[in-house]
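Protein chains in written order, with the numbering used here: chain Y, 1 to 226; chain V, 1001 to 1572.
Ideal Cβ placement from N, Cα and C applies to all residues, glycine included.
This is the structure:
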């Protein structure tokens, strides 16, 4: 929000008005029927994660690789060392490439994952695309958002990132969890996705027979952020 | 809702003082209710007690044990009687009041609208005493009932059920109309009855012949036998060791006798095989008979009635159950037609409710229509679905090569296995390939039959070859969409569309349409997205797209937090 060039891509008119004149017009997507899987992972309206996310993903992958290679390579080596086995150097020679492969694979997976994540917020809701080999596009409609969480692990804090978790009442897809957002982006995504019906609910039960919020009503109940 | 201490408000006449609330709760449980509470508590102690009585006879200890258990029993009884004396309930015109609590007193107000389900349960004992257990469920609560009333006179329980239903229906219609002061709980118990009973339609009754068919098809007996076997294996190294050994020895003796008999009769191999087949057939028959017996036990006197807002079910031979399901709580449907169903010309319908329920809860209405002819089913579904018709129209096929995908996956492993065995063990294993044509036929038939449709706000997926199943949901009940493409999908230009609903049972197949042409899948995804409700949950009112989105503002979040009770589970 502070940096005008990084103006949130999901702000509508209100957001851009606040962000200033030189901010690019907001790409709230106008029902452009982009054929899914045709342009993977997707251009302009689709947003990539910030560059810091790549580093964060890699660091997490390295940590995981370290744990796995300790279990797979390190512990047997240690046991062999303690047992004073004669073939220790040979084992070392075999283990080192294995560990190298594990680390290499982890790093490769992290960057592939990073390169193939796209997200987009439009009038329907939040969409997230993931995966290179197994491709997935998830849509959480705005009307279905139950509540939202933001998590910041130690690695993400280091890079100024956050994980956004969008909860729905569904069963198998009851939480869409996406790490690697800018802290700022995550916070504003959360605010943009907060269910609006609740704002209407705050008012005491109105005696009007049709409780559907007209745009004017909603605007009254939900004050603009300025 | 515990400890509701409502502050008396000056201008709102519907808010009553604490004293008035207490006064409103004027009805007691059945005078024998303490007995049923006691019985229930004793049931928990029954098994340990039996074990102690059977195994422990050691003089000195025995005396203390007897003393201890009598003290415990006396305490339990005192508690049960005390509970009866304390427990009161009563009606306001918009809510139920319950006073309860043995030591810690509770005064609860449960608005009629919050009560989603009223279950009346009568065991055989209850029926002899003409009483019933009442369970009130609300939306949240993780499957724990909002209140359990143990026990009411049957007439009172039915009255309670009717009043709740009438109150709920009324609440929706007249909530906005100004309500007069109402210190409820006079003798006008019968008020609202006619409203509750107007417009009820009997949708389904199951005569015994149908129950026999249901038992034959469902094969519940197998589950019982498996469960029994599981229990037996658990018991082997416990106090029941001796029992188990005895049974085993007896069975062995019988088997030996049989063998000796066979020897004496000079039976050949053929006769032995025939005997084995006969034995197997007898076993299968016994299982089916058990299944039929269980079907009759659970579903005798089954009635499915429909009011304007609720569905009601009643069933049970010895213990009777009476349940309700608000129509709007149905999230998704699973219609099934197994091979046996098709032979009998019947179908089975289960529904997902927006409730967290135990996987095998006997007291749930998941199995909405246990068994019915396709015509009856079409009538019932026609009443339930928004388009008012079943079967749905406009079924669309899968990708033309869907049958290849369906064939590959299940065949790959057996083929490799056959090759492996043939190469290393026995070339005869190649005979396993003879089943390949059958599998190919299955895949072909499956792919030709399976398909999807989006008809009148209902998205449906059907599949099957010998057996058939339909899985469908209203589009406005969908919670999320997911489009996926595996590498195999990509090779064929396919994609899979997954749809998420509330409370989808883990026992059902997911609402998922595989092997779609990728363009078709994308188009369907867009159509569903466009038909899903915008912004509001209950009313599906489209919100203006151009509405300015509120940007974050201090204080707003806290404000929203207050307003966001986990109400969502019930909505949608």
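{"Asked": "Would residue 112 (chain Y) count as contacting chain V if we go by Cβ distances under 9 Å?", "Found": "no"}
{"Asked": "Determine the DSSP secondary structure at residue 1127 (chain V), reduced to helix, strand or coil.", "Found": "helix"}
{"Asked": "Is residue 1087 (chain V) helix, strand or coil by DSSP?", "Found": "coil"}
{"Asked": "Three or more C-beta pairs under 8 Å: does that hold for the stretch 1401-1416 of chain V against the stretch 1329-1340 of chain V?", "Found": "no"}
{"Asked": "Is there contact here, the stretch 101-117 of chain Y with the stretch 150-157 of chain Y, by at least three beta-carbon pairs under 8 Å?", "Found": "no"}
{"Asked": "Would residue 1376 (chain V) count as contacting chain Y if we go by Cβ distances under 9 Å?", "Found": "no"}
{"Asked": "With contact counted as at least three CB pairs below 8 Å, one residue from each stretch, are the stretch 1462-1469 of chain V and the stretch 1438-1448 of chain V in contact?", "Found": "yes"}
{"Asked": "Can you look up residue 1070 (chain V) in the DSSP assignment and give me helix, strand or coil?", "Found": "helix"}
{"Asked": "Nearest chain V C-beta to residue 144 (chain Y) closer than 9 Å, yes or no?", "Found": "yes"}
{"Asked": "Please classify residue 117 (chain Y): does DSSP put it in a helix, a strand, or coil?", "Found": "coil"}
{"Asked": "Measure the Cβ-Cβ separation of residue 1493 (chain V) and residue 1517 (chain V) and say whether it is below 9 Å.", "Found": "yes"}
{"Asked": "Compare the Cα-Cα distances from residue 1027 (chain V) to each of V:1085, V:1069, V:1063 and V:1073 and report the closest residue.", "Found": "V:1085"}
{"Asked": "Can you pull the chain Y residues whose beta carbon is under 9 Å from the beta carbon of residue 1534 (chain V), in chain order?", "Found": "123, 124, 141, 142 and 143"}
{"Asked": "Over the uninterrupted alpha helix (DSSP H) stretch that includes residue 1492 (chain V), give me the two end residues.", "Found": "1487-1492"}
{"Asked": "Check distances from the C-beta atoms of the stretch 1473-1485 of chain V to those of chain Y and list, in chain order, the residues that come in under 9 Å.", "Found": "1478, 1479, 1480, 1481, 1482, 1483, 1484 and 1485"}
{"Asked": "Three or more C-beta pairs under 8 Å: does that hold for the stretch 70-82 of chain Y against the stretch 165-176 of chain Y?", "Found": "no"}
{"Asked": "Between residue 177 (chain Y) and chain V, is any beta-carbon pair separated by less than 9 Å?", "Found": "no"}
{"Asked": "Determine contact between the stretch 1286-1299 of chain V and the stretch 1147-1157 of chain V, defined as no fewer than three beta-carbon pairs at a distance below 8 Å.", "Found": "no"}
{"Asked": "Give the interface partners of residue 170 (chain Y) over in chain V, defined as CB-CB distance under 8 Å, in chain order.", "Found": "1479, 1480, 1500, 1501, 1502 and 1504"}
{"Asked": "Let me see if you follow: with CB-CB separation under 9 Å, is residue 1167 (chain V) close to chain Y or not?", "Found": "no"}
{"Asked": "Could you tell me which chain V residues have their CB closer than 8 Å to the CB of residue 134 (chain Y), listed as they occur along the chain?", "Found": "1484, 1485, 1486 and 1487"}
{"Asked": "Does any residue of chain V bring its CB to less than 9 Å from the CB of residue 116 (chain Y)?", "Found": "no"}
{"Asked": "Output, in chain order, the set of chain V residues within a Cβ distance shorter than 8 Å of residue 181 (chain Y).", "Found": "Within 8 Å Cβ-Cβ: nothing; residue 181 (chain Y) doesn't reach chain V, min ~14 Å."}
{"Asked": "At what residues does the alpha helix (DSSP H) containing residue 1364 (chain V) begin and finish?", "Found": "Here residue 1364 (chain V) belongs to no alpha helix (DSSP H), and DSSP marks it neither H nor E."}
{"Asked": "Can you grab the Cα-Cα spacing for the pair residue 1019 (chain V) / residue 1113 (chain V), in whole Å?", "Found": "23 Å"}
{"Asked": "Kindly indicate the opening and closing residues of the alpha helix (DSSP H) around residue 51 (chain Y).", "Found": "51-69"}
{"Asked": "Counting contacts by CB-CB distance shorter than 9 Å, is residue 138 (chain Y) in contact with chain V?", "Found": "yes"}
{"Asked": "Checking the sheet assignment: what are the DSSP bridge partners for residue 1326 (chain V)?", "Found": "V:1310"}
{"Asked": "Using a Cβ cut-off of 8 Å, pull out every chain V residue sitting near residue 37 (chain Y), in sequence order please.", "Found": "1483, 1485, 1490, 1495, 1518 and 1522"}
{"Asked": "Are the CB atoms of residue 1325 (chain V) and residue 1303 (chain V) nearer to each other than 9 Å?", "Found": "no"}
{"Asked": "How do the stretch 108-121 of chain Y and the stretch 1517-1536 of chain V stand: do at least 3 beta-carbon pairs fall below 8 Å, yes or no?", "Found": "no"}
{"Asked": "Between the C-alpha atoms of residue 1290 (chain V) and residue 1284 (chain V), what's the straight-line distance to the nearest angstrom?", "Found": "10 Å"}
{"Asked": "Flag this pair as yes or no: are the beta carbons of residue 1127 (chain V) and residue 1321 (chain V) separated by less than 9 Å?", "Found": "no"}
{"Asked": "Evaluate residue 133 (chain Y) with the Cβ neighbour count: other Cβ atoms within 10 Å of its Cβ, from every protein chain shown; 16 or more gives buried, anything less gives exposed.", "Found": "exposed"}
{"Asked": "Below 9 Å between beta carbons is the criterion; list the residues of the stretch 1411-1422 of chain V that meet it against any residue of chain Y, in chain order.", "Found": "none"}
{"Asked": "Under the rule that 16 or more other beta-carbon atoms within 10 Å means buried, what is residue 1070 (chain V), buried or exposed?", "Found": "exposed"}
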